[in-house]
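Written out below as structure tokens is the structure these notes cover.
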Amino acid sequence: MRIVAGEWRRHPLRAPAGDATRPTADRTRETLFSMLASRLGSFDGLAVADLFAGSGALGLEALSRGAASCLFVEQDAAALRVLRANIASLRAQARCNVHAGSATQIGPARQMLDLVLLDPPYGSGTGGVALDRMIRLGWIGPASWIALEVGAKEDARLPAFTIDAERKVGAARLVLARPNLD
Numbered sequence: 255m256r257i258v259a260g261e262w263r264r265h266p267l268r269a270p271a272g273d274a275t276r277p278t279a280d281r282t283r284e285t286l287f288s289m290l291a292s293r294l295g296s297f298d299g300l301a302v303a304d305l306f307a308g309s310g311a312l313g314l315e316a317l318s319r320g321a322a323s324c325l326f327v328e329q330d331a332a333a334l335r336v337l338r339a340n341i342a343s344l345r346a347q348a349r350c351n352v353h354a355g356s357a358t359q360i361g362p363a364r365q366m367l368d369l370v371l372l373d374p375p376y377g378s379g380t381g382g383v384a385l386d387r388m389i390r391l392g393w394i395g396p397a398s399w400i401a402l403e404v405g406a407k408e409d410a411r412l413p414a415f416t417i418d419a420e421r422k423v424g425a426a427r428l429v430l431a432r433p434n435l436d
């Protein structure tokens, strides 16, 4: 596993051992960020969150491409150790905030986010739960973008969002959405 593009292009990333974490494959990440780039134009200066962060590959990819900051949320102890090691290997600590806890229990917003990246366990429905909470607590605003990875055959139910694009990549389906906020 490696960073696909940007400042840290080709830099290797560690992944947690075992089956508890399923890192997003390089090809899937490349497809996701291509989809996002065509909509966002640039990642420069964005405030990003990587929920269900695991190794941190999604958030670190955004930082490599110019995002200003990333909030990483992960509850698994082994994944947290690898996530912190990956951040340290890139010397990215100043641009990262690691929250050890459940993405479905995140507290009130410290800032509104431009981009929320989610890769929850397939078939769990926890991505939608986390997003609903983030809207209620002020993390997500009208200009925010959501990128959700689900299983290829999974239905991504996001009632509070309008789906902008979906693409199947291997065993995953990538969903880009915008909030329905007035």
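Okay, so the sequence shown: first residue is 255 according to my numbering, each after it adds one. Where a beta carbon is used, it is the ideal one built from N, C-alpha and C, also for glycine.
- One thing to note: L372 has its Cβ no nearer than 8 Å to the Cβ of E408.
- Residue state for F326 is assigned as strand, using DSSP reduced to three classes.
- Note on geometry: alpha-carbon atoms of A354 and T282 lie some 25 Å from one another.
- Contact between the segment 411–421 and the segment 370–386 is present: 3 or more CB-CB pairs across the two stretches fall below 8 Å.
- The beta carbon of R421 sits closer than 6 Å to those of L428, all from its chain and outside the five residues before and after it, given in chain order.
- When H265, A279, R268 are compared, the shortest CA-CA separation from G424 is found for A279.
- By the neighbour-count definition (other C-beta atoms within 10 Å, threshold 16), T416 is an exposed residue.
- Here the alpha carbons of I257 and P266 stand approximately 6 Å from one another.
- Contact between L344 and V302 does not hold, since their C-beta atoms are separated by about 15 Å, which reaches or exceeds 8 Å.
- In the DSSP assignment, A431 is bridged to I400, I417.
- Here N351 is bridged, per DSSP, to L325.
- Beta-bridge annotation (DSSP): V370 is paired with A303, I400.
- Looking from the CA of L314, the closest CA among G361, G295, A331, R268 belongs to R268.
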